[in-house]
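S.K.: Following this message is one structure expressed as structure tokens.
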Amino acid sequence: MFFKRKQIEMKVITTPTNDGIQVEFVQKNGRKETTLSLPLSKEQIEQSYRLPGFMAYVSWEELVDSGYMENGILSYDSYYGLLQYDEGRAALHSLLLPVEPTEVTGELRLASTPDQAELTLKLMTKDGSNLDRVGTAFGAMYRIDDQLLLLPPKVYELKKALNREELIGYQKIGICQQLALDAGIALENFLENETYNVIESYELDIKVHAPDHIEVIPTGESEEETYALNNLSQPVTSFKNGMKRNRFVRSENISEDITKLAAKRHITGEEVPLFFENPSAVLPEHDYHIDLELFSKRVTGIIPIQHIRPVYNQESKINWFGSDENGPDETKAYNPEFLKDLMEQHPTEQYVYHAGEWFYLDPIMRKALLDLPEDEEAGLSKTFTLDIRDNENELEYQLAEKGSKEYQPFPVPNGLHATLFDHQFQGYQWLCHLKEQGKGGLLADDMGLGKTIQVIAFLLREKEKNRLKPTLIVLPIALIENWLDEIQKFAPALKESIYVHKGTSRHKAAEQIAQYEIILTSYDTLKIDQLILGKIDFQSIICDEAQNMKSHSSQRSRALRAMKYEFRLAMTGTPVENSLEELWSIMDFVQPGALGSLREFRRNYIETVDYEGLLKKIKPYYLRRTKAEVLDDRLPKKYIHDPFYIEAADVQKQISQTMLQTKETGQIAILNMLTKLRQLYGHPGVLIKDYENLSYKDIPKVQALIELVNDIKAKNEKVLIFTEFRGLHSILKRLFMSMYGISVPVIDGNTKNRQWVVKQFNSEPGFGIMLLSPKAAGVGLTITSANHVIHYTRWWNPAVENQATDRAYRIGQTKDVSVYHLITRDKHNFPQGTVEELMHVLLESKRELAENVIIPFDFSEIQSMVMEKMGMTKEQ
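In full-length UniProt numbering, the protein residues as written are 1 to 876.
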């Protein structure tokens, strides 16, 4: 007698809940089922990757990588989001979940008086079956027997609205009525004849009664809606239309807005010009649902405002000129005696109306003209705006240096739990010396040389000198966790008084924030809260990844330059990315006036291309070391291998030939074609889903990648594989996990927990693969457990590729690092070279230029050269 051998398999179990889909996995051995703990351990994956059903686990891991799964639940909002792209639909299908919504009909009924708004929804299948009778509802799903039915997204939105407790009365009827119409759900007779319009947005209109009196009027999309918006005495406003009635009801949020605005409907006096320049400073404090910043831009120029600026003549005497910053490019000269009289007549006002004109008279000008003591400006009635001397047209503001210029050694603080490398010790000395001289600094060390630890050592010294509180660190939000980890690791004493200023619960008062020694915040939060943070006298302001303030006219840059500080430091390995003006913007924060006005900077350095002169000019404030300069004898070697050239597969040649026959014209269309060709050479399945499951042996480039990864696996080492294309991440992850039986993490723009992913990857011993997007993973990550880097597809800028490589090649790396490029050829379709061949030649020719961080790199030039060499012109 022969007994059938029990087959072990991996089985996915999806359980719908009211909030989303819960996903579990069991290992089935005959009748025995064992629930698996997620995520699977390295050992579990090694034991399971050849089992039937394992690819469903790979799909689950993809959803976790991308941040769709949270706390083991795939929310229905995320579910519908996944349906919008092919990779998402494939992942859901692999988890045995429906990817096509079921068509339904139904009716929305009112089961109470309108003010009570008790609504019921009856849903039916196309054959007329009542879904609530034949199945069980779970949020966006119905379970009928063993089958899951997915509701159309509009129907699910309607179901959610019916259950929203904050929606009451007429507002609830109006929202549900509109959602029902959008979803194709019928309305009962009463609701059919009563149209409830919920007002959820508005505009602001300005009526000018006089230069010192304006009226702010909320407006809707129609006269009826405008009337209803402003009819605050009634919760609902009705208009009869034959046998039907149109009813308008404000949403709760809009009602709050309009009530606040009504309190300041008429604006008079010096608040008029202030309102046009900064509406939030005049209107009652409230989280408005209209973008006041955009509104301010829209209404600029309605009332001219003269901003008085000092201009220095050749004899260094000051002439005072006024200009309406939002009006014509004209200036008027003003007699200083006239300005003094104006200030003395209005000692507590910043905005003064005189002889038909508004004048902005800020504290800096008052001090200059009236020779006031430092604290005299406290007499002003209000400081409304964080106005800055922007130094763009003329040099209006520069910071004087102070203190001794004699160099003295500074001991490393006792609280530093690390031994500094020589270059880090020198950087620490440089920072301390700058502080004593009263100068700012631009620390532009190469990626991976430890800029953060140099600054942490400096902060410890400031703490020892009782000069730390308060210090502001401004950085991209993705790096906040990394800074907290580094401080905990190297200077736990600094952790005693750290505050992260972010989120809706952040402090709203300057006094609360200033009590901390170190405050971390993002560039955007600082921009939003500039009026609060601008009140604080910071000891130091430190900007990490300072290229985030590269645009001198941006609100980020202007807000930073408006802060009050004793010491300022910018940290970035790439102070110039596209334009030399980016360096001026950073330096105008670091040391205002050091490079002159922006106009002078353009004339002296941009038009003359005088990079050598510029380096000399910034030398007192600028420090940059490369790995080759300071770590050549301490870091392992970096080997950039000759590229692997691979012939395109027949299927790739056929697809590219079809693409060429379309005869695309225009720069955007051609760039789109180049992107598609780059995706095609990565894997044809990225463009055509039918090719997703092609054997890797049918695609020479993928086969070459596998052979390279096999060699790395044989050495029991790790590899980082860079490509910007999300579809390639998905295909390669599935391929690697099914071949090698390992978890393959992905870091791209959707990854929410980057530091945790990196920690897990670094902690696992032996062979490993990580897939990364070069831009998303280009900063803030240390992945020195990997010593192989493969640029599977190329990025247009070699500096970005260098940053990506430096995730592995940095301090902490103990092995030689190998860098590889895989390049596809197709002599038949592209005798002058494929997009990959031409990109490689051009990128390598520009790589030395990319190493010089103060020379702008114009990647559009490379794109144009590729198009030209491939015979693709903008107009054909």
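Yeah, the Cβ is synthetic: ideal placement off N, Cα and C, and Gly gets one too.
Taking the alpha helix (DSSP H) that Glu87 belongs to, which residues open and close that run?
M.R.: Asp86 to Ser94
S.K.: Kindly provide the ranges of any alpha helix (DSSP H) runs that are 4 or more residues long and lie completely inside the stretch 130 to 165, ordered along the chain.
M.R.: As far as the stretch 130 to 165 is concerned, its whole alpha helix (DSSP H) runs of at least 4 residues are 131 to 134 and 153 to 162.
S.K.: Return the residue from the list Phe410, Gly427 and Gln515 that minimises the CA-CA distance to Lys465.
M.R.: Phe410
S.K.: Can you name, in chain order, every residue of its own chain whose Cβ lies under 6 Å from the Cβ of Ala117, other than the five neighbours on each side?
M.R.: Non-local C-beta neighbours of Ala117 in its own chain, meaning closer than 6 Å and more than five positions away in sequence, comprise Gly169, Lys172 and Ile173, ordered along the chain.
S.K.: Is Thr348 helix, strand or coil by DSSP?
M.R.: Annotated three-state conformation of Thr348 is coil, per DSSP.
S.K.: For Val99, name the three-state secondary structure that DSSP assigns.
M.R.: coil
S.K.: Residues in its own chain within less than 7 Å of Thr525 by CB, not counting five upstream and five downstream?
M.R.: Excluding positions up to five away in sequence, the list reads His501 and Lys502.
S.K.: Verify whether the separation of the beta carbon atoms of Leu229 and Ile267 is less than 8 Å.
M.R.: no
S.K.: In terms of alpha-carbon separation, which member of Glu270, Glu357 and Asn672 lies closest to Thr348?
M.R.: For the set Glu270, Glu357 and Asn672, the Cα lying nearest the Cα of Thr348 is the one of Glu270.
S.K.: Just reading off the alpha helix (DSSP H) that Lys752 is part of, what are its end residues?
M.R.: Run containing Lys752: none; DSSP gives neither H nor E here.
S.K.: Buried or exposed for Glu724, please, with buried defined as at least 16 other CB atoms from any protein chain shown within 10 angstroms of its CB.
M.R.: Classification for Glu724: buried.
S.K.: Excluding the 5 residues preceding and the 5 following Pro153 in the sequence, name in chain order all residues of the same chain whose CB lies nearer than 6 Å to its CB.
M.R.: Tyr80
S.K.: With a 10 Å radius around its C-beta and 16 neighbouring C-beta atoms as the bar for buried, classify Val609 as buried or exposed.
M.R.: exposed
S.K.: May I ask you to list the residues that DSSP assigns as paired with Tyr360?
M.R.: His307 and Tyr351
S.K.: Once you ignore the five residues that flank Gly450 on each side, which residues in its own chain have a CB closer than 6 Å to its CB?
M.R.: Shown here for Gly450: same chain residues with a beta carbon closer than 6 Å to its own, the five before and five after excluded, namely Gln424 and Ile811 in chain order.
S.K.: May I ask which residues mark the beginning and end of the beta strand (DSSP E) holding Thr784?
M.R.: Per DSSP, Thr784 belongs to no beta strand (DSSP E) and is neither H nor E.
S.K.: What separation, rounded to the nearest whole angstrom, lies between the Cα atoms of Asp324 and Glu357?
M.R.: Confidence at Asp324 is low in this model, with a pLDDT of 47, below 50, so its placement is unreliable and the value that follows should be read with caution. CA-to-CA, the gap between Asp324 and Glu357 works out to about 10 Å.
S.K.: On the three-state DSSP scale, how would you describe Asp127?
M.R.: It is coil, neither helix nor strand.
S.K.: Under 8 Å by Cβ, that's how I've got Leu705 and Val744 pegged, so tell me the actual separation to the nearest angstrom.
M.R.: Contact flag wrong, Cβ pair sits at about 13 Å.
S.K.: Go ahead and label Lys159 buried or exposed: buried means 16 or more other beta carbons lie within 10 angstroms of its beta carbon, across all protein chains shown.
M.R.: buried
S.K.: Within this structure, are the beta carbons of Val576 and Leu569 separated by less than 8 Å?
M.R.: no
S.K.: Please confirm if the stretch 469 to 477 is in contact with the stretch 595 to 606, defined as three or more CB-CB distances below 8 Å between the two stretches.
M.R.: no
S.K.: Give me the Cα-Cα distance between Val800 and Pro636, rounded to the nearest whole angstrom.
M.R.: 22 Å
S.K.: Under the DSSP definition of a beta bridge, which residues are partnered with Ser238?
M.R.: Arg247
S.K.: Would you kindly work out how many angstroms separate the C-alpha atoms of Glu330 and Ile305, rounded to a whole number?
M.R.: Because the pLDDT of Glu330 is 46, which lies under 50, any placement of that residue in the model is unreliable, and the number read from its coordinates should be weighed accordingly. Rounded to the nearest angstrom, the two C-alpha atoms are 12 Å apart.
S.K.: Check this for me: beta carbons of Leu623 and Leu443, under 8 Å apart or not?
M.R.: yes
S.K.: Among Phe761, Ile721 and Gly833, which one has its Cα closest to the Cα of Ser818?
M.R.: Ile721
S.K.: Starting from the Cα of Lys32, find the closest Cα among Thr572, Tyr621, Tyr681 and Met10 and give me that residue.
M.R.: Met10
S.K.: Any chance the stretch 412 to 419 sits against the stretch 531 to 544, with 3 or more Cβ pairs inside 8 Å?
M.R.: At 8 Å Cβ cutoff, the stretches do not touch.
S.K.: Taking 8 Å as the CB-CB limit, is Thr525 close to chain D?
M.R.: Of the chains in the structure shown, none is chain D; there is only one protein chain.
S.K.: Taking only runs that begin and end inside the stretch 480 to 560, name each unbroken beta strand (DSSP E) of 3 or more residues, in chain order.
M.R.: 498 to 501, 518 to 521 and 537 to 544
S.K.: Would you identify the three-state DSSP class for Ala777, choosing helix, strand or coil?
M.R.: coil
S.K.: May I ask which residues mark the beginning and end of the alpha helix (DSSP H) holding Tyr57?
M.R.: Phe54 to Asp65
S.K.: Could you give the C-beta distance for residue 894 and Ile518, rounded to a whole number, given that I count them as a contact under 8 Å?
M.R.: Here the chain covers residues 1 to 876 and nothing more, so residue 894 does not appear.
S.K.: When you compare the CB positions of Gln7 and Thr15, do they come within less than 8 Å of one another, or not?
M.R.: no
S.K.: Can you say whether Thr35 is buried or exposed, counting buried as having 16 or more other CB atoms within 10 angstroms of its CB?
M.R.: exposed
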